[in-house]
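Student: Add 1 to the 1-based position in the sequence shown for our numbering, that's all there is to it.
Glycine included, C-beta positions come from ideal geometry on N, C-alpha and C.
Quantities reported herein were computed from a predicted structural model and do not represent experimental measurements.
Sharing a structure, written as structure tokens. Questions coming.
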Amino acid sequence: MERIADRILVIQLPGLPVKIQVASCRLRVTSLKKAFTVNRNLKTKNEKLQTRFILTINLIGQSVNWRIKRKKVSAILNIKVKILYKKEVVPNIYLMRLKAPEIAQETLPGQFIHIKCSKDNYPLLRRPLSIHRIDKEKGEIFILFQAVGEGTKLLAQRAVGDDLDIVGPIGNGFNIYPESKKIMIIGGGIGFAPLLALCEESIRQDKEVRVLIGVLKKELVIGEESIRSLGAKVDIATDDGSYKYMGLVTDLLERTIKKGWLADQIFACGPKPMLRKINEIVLKVNIDYQVSLEERMACGIGACLGCVCEIKTKDKKEDKVKYEFKRVCVDGPVFKASEVFWDD
Ligand SMILES: Cc1cc2nc3c(=O)[nH]c(=O)nc-3n(C[C@H](O)[C@H](O)[C@H](O)COP(=O)(O)OP(=O)(O)OC[C@H]3O[C@@H](n4cnc5c(N)ncnc54)[C@H](O)[C@@H]3O)c2cc1C
Ligand code: FES
């Protein structure tokens, strides 16, 4: 059952009785075969849960044809999950497997969890980490993180068997369009973290996937074999030339495009200068490009406005571009690159 804003929308899934109340219009559907004089499109959005429903009811002869498109209906949970596995995969970068069936079922590639890193209350604030991999069957999720400061260093000390206090899944996730055939995924450094789940999902949807990874040096390469075993192509760039292509991952992208491999969609996560450069390249070839942004976070659930960033939106009335502040935690972390304000 869902309740949405001041309009109340109570929905049970197809085949079951449905009751809908929209402002002054009331109707009760007890059988889908019954006819109603309703022709109404309702689009509404619950800001708090980032849940969007598109409900269409049409009168077609004597039957009611209705559709509920659930873009994302996952509640944000606060639960304790067990650490099943922990490994330092490359120096200072840790992989953890967590038993989290409720989150594994609901989560989308690109979403993240907010973690209480230590057993006590220091540091007070949780730390956001992307969901690296999702195993729905086993009810497990993976995180991949770099120990950079107090929180992540404490997290790296947690042991297999410990319970972690997490909140999630949070955020919107990447949007893979059904019509896209070729997908390019670009990760810079630890920005690779949310991209393995995306790669897995793209392959599951029968897309041709190519992954570009950029790191400083060979010993920091993560995920090469995992990507290949999924059936995606992977190219690697190292800044110092110690492995594969010598140079920046954005140079590798330009080469790949010059060779004629054009994706229908590009997804990227990594340092902002990398994301910005990809945007410049992509603008010339007009490819749809989505980025996962990072901002420091406090509440992680859209309440404190600590993570806002400037996003371009279109003023439909005046037909001009304007800027709006959006919360990276719940309005993102994934944004269309064309909406991002790149000049800071
Ligand atoms: C949506 C989202 C998903 C993320 N996913 C991952 C992930 O999968 N793996 C991973 O390793 N990291 C990820 N990060 C970054 C991670 O949250 C930070 O590295 C972490 O919070 C740092 O906490 P700390 O206490 O260890 O470091 P602090 O002591 O708080 O800071 C150490 C250094 O890290 C920088 N920093 C802290 N927080 C952030 C942040 N949110 N973004 C950018 N720089 C930051 C600080 O400016 C400082 O230089 C993600 C961030 C966001 C917003
Ligand atoms: S962290 Fe509080 S609104 Fe995003």
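(1) Strictly under 8 Å for the Cβ-Cβ distance: is G192 near chain D by that measure?
(2) Measuring only the C-alpha atoms, how far is C200 from S119?
(3) Heavy atom of ligand 2 less than 7 Å from the Cβ of V329, yes or no?
(4) Quick one: give me the first and last residue of the alpha helix (DSSP H) that E252 is part of.
(5) Kindly indicate which three-state DSSP category A269 falls into: helix, strand or coil?
(6) Would G174 and P110 qualify as a contact pair, given that the criterion is a beta-carbon distance under 8 Å?
(7) Counting Cβ pairs, one atom from each stretch, are 3 or more of them under 8 Å apart for the segment 282–293 and the segment 305–316?
(8) Would you list the residues sitting across from R211 in a DSSP beta bridge?
(9) With respect to the alpha helix (DSSP H) encompassing S203, which residues constitute its N-terminal and C-terminal limits?
(10) Counting along the chain, where does the alpha helix (DSSP H) carrying L156 start and finish?
(11) Does the Cβ-Cβ distance between A264 and L253 come in under 8 Å?
(12) When DSSP labels each residue in this structure, what does L78 get in the three-state scheme?
(13) Within the present structure, is the beta-carbon of F268 separated from the nearest heavy atom of ligand 1 by less than 7 Å?
(14) Hey, is I135 close to ligand 1, as in C-beta under 7 Å from one of its heavy atoms?
(15) If you check the beta carbons only, do I279 and T251 fall under 8 Å apart?
(16) In its own chain, which residues sit with a C-beta less than 7 Å from the C-beta of E220, not counting the 5 before and 5 after it?
(17) Would you decide whether S131 is buried or exposed? Buried here means 16 or more other CB atoms lie within 10 Å of its CB.
(18) With C-beta atoms as the reference, is I214 less than 8 Å away from F193?
(19) What is the DSSP secondary structure of G190, reduced to helix, strand or coil?
(20) First and last residue of the alpha helix (DSSP H) that includes I104?
(21) Using three-state DSSP, classify V286 as helix, strand or coil.
(22) Is any heavy atom of ligand 1 found at a distance shorter than 7 Å from the C-beta of S131?
(23) Mark P274 as exposed unless 16 or more other C-beta atoms lie within 10 angstroms of its C-beta, in which case mark it buried.
(24) Below 8 Å, how does it come out for the segment 132–151 and the segment 205–214: are there three or more Cβ pairs, yes or no?
(25) Based on Cα-Cα distance, which residue from V216, C330, I77, V331 lies nearest to G248?
(26) Classify C139 as helix, strand or coil using the three-state DSSP reduction.
(27) Alpha carbon to alpha carbon, how far is K337 from E180?
(28) So for I94, helix, strand or coil by DSSP?
(29) For Y378, list the residues DSSP reports as bridge partners.
(30) Could you compute how far the alpha carbon of G190 sits from the alpha carbon of D121?
(31) Nearest CA to the CA of E226: which residue from L197, M97, D207?
(32) Taking the straight line between their C-alpha atoms, what separation do you get for H115 and K81?
(33) Just checking my contact of V309 with K327 at CB under 8 Å: how many whole Å lie between their CB atoms?
Tutor: For this structure:
(1) Absent here is chain D; the protein component of the structure consists of one chain.
(2) Start at 1 with the first residue of the sequence shown, and residue 200 comes out as number 199. Start at 1 with the first residue of the sequence shown, and residue 119 comes out as number 118. The alpha-carbon atoms of C200 and S119 are separated by roughly 31 Å.
(3) Residue mapping note: residue 329 aligns to position 328 of the sequence shown, counting from 1. The answer is yes for V329.
(4) Reading the sequence shown from its first residue, position 251 is the one you call residue 252. Looking at the sequence itself, residue 252 is Asp, so the reference to Glu does not match. Unbroken alpha helix (DSSP H) run through D252: 250–259.
(5) Locating residue 269 in the sequence shown gives position 268, counting from the first residue. If DSSP states are grouped into helix, strand and coil, A269 belongs with the strands.
(6) On the sequence shown, residue 174 is found 173 positions in, with the first residue counted as 1. On the sequence shown, residue 110 is found 109 positions in, with the first residue counted as 1. For G174 and P110, yes; Cβs fall inside 8 Å.
(7) no
(8) Reading the sequence shown from its first residue, position 210 is the one you call residue 211. M185, K234.
(9) The sequence position of residue 203 within the sequence shown is 202, counting from 1. From DSSP, the alpha helix (DSSP H) with S203 extends over 196–205.
(10) Looking up residue 156 in the sequence shown gives position 155. Unbroken alpha helix (DSSP H) run through L156: 151–157.
(11) Here the question's residue 264 lines up with position 263 in the sequence shown. Here the question's residue 253 lines up with position 252 in the sequence shown. For A264 and L253, no; Cβs fall outside 8 Å.
(12) Reading the sequence shown from its first residue, position 77 is the one you call residue 78. Of the three classes helix, strand and coil, the one that applies to L78 here is strand, per DSSP.
(13) Mapped onto the sequence shown, residue 268 falls at position 267. For ligand 1, not one heavy atom lies less than 7 Å from the Cβ of F268.
(14) Sequence index remark: in the sequence shown, residue 135 carries index 134 (1-based). For ligand 1, not one heavy atom lies less than 7 Å from the Cβ of I135.
(15) Within the sequence shown, the letter at position 278 stands for residue 279. Within the sequence shown, the letter at position 250 stands for residue 251. Taking 8 Å as the Cβ cut-off, I279 and T251 qualify as a contacting pair.
(16) Counting from 1 along the sequence shown, the entry for residue 220 is found at position 219. Taken in chain order, the residues that qualify are V91, P92.
(17) Residue mapping note: residue 131 aligns to position 130 of the sequence shown, counting from 1. So S131 ends up on the buried side.
(18) Within the sequence shown, the letter at position 213 stands for residue 214. Within the sequence shown, the letter at position 192 stands for residue 193. Contact flag set, yes.
(19) As a working note, residue 190 is residue 189 in the sequence shown. DSSP places G190 in helix when its eight states are reduced to three.
(20) The residue you call residue 104 lines up with position 103 of the sequence shown. Element bounds for I104: 102–107.
(21) The residue labelled residue 286 in the question sits at position 285 within the sequence shown. Helix, per DSSP.
(22) Locating residue 131 in the sequence shown gives position 130, where the first residue counts as 1. Within the cutoff, so yes.
(23) Taking the first residue of the sequence shown as position 1, residue 274 is located at position 273. Classification of P274: exposed, given that the 10 Å Cβ count is below 16.
(24) no
(25) For the purposes of this step, residue 248 is taken as residue 247 along the sequence shown, with counting starting at 1. The candidate whose alpha carbon is nearest that of G248 is V216.
(26) Translated into positions along the sequence shown, residue 139 becomes position 138. It is Lys, not Cys, that sits at residue 139 in the sequence shown. Three-state DSSP puts K139 in coil, outside helix and strand.
(27) The count along the sequence shown starts at 1 and reaches residue 337 at position 336. The count along the sequence shown starts at 1 and reaches residue 180 at position 179. Approximately 17 Å between the Cα atoms of the pair.
(28) Mapped onto the sequence shown, residue 94 falls at position 93. Strand.
(29) The structure shown does not extend to residue 378, since the chain is modelled only from 2 to 345, so the question has no answer here.
(30) Mapped onto the sequence shown, residue 190 falls at position 189. Mapped onto the sequence shown, residue 121 falls at position 120. Using only the alpha carbons, I get a separation of about 30 Å.
(31) Residue mapping note: residue 226 aligns to position 225 of the sequence shown, counting from 1. It is L197.
(32) Translated into positions along the sequence shown, residue 115 becomes position 114. Translated into positions along the sequence shown, residue 81 becomes position 80. Their backbone Cα atoms lie some 12 Å apart in a straight line.
(33) As a first step, residue 309 is located in the sequence shown; it is residue number 308 there, counting from the start. As a first step, residue 327 is located in the sequence shown; it is residue number 326 there, counting from the start. About 6 Å separates the two Cβ atoms, so the contact holds.
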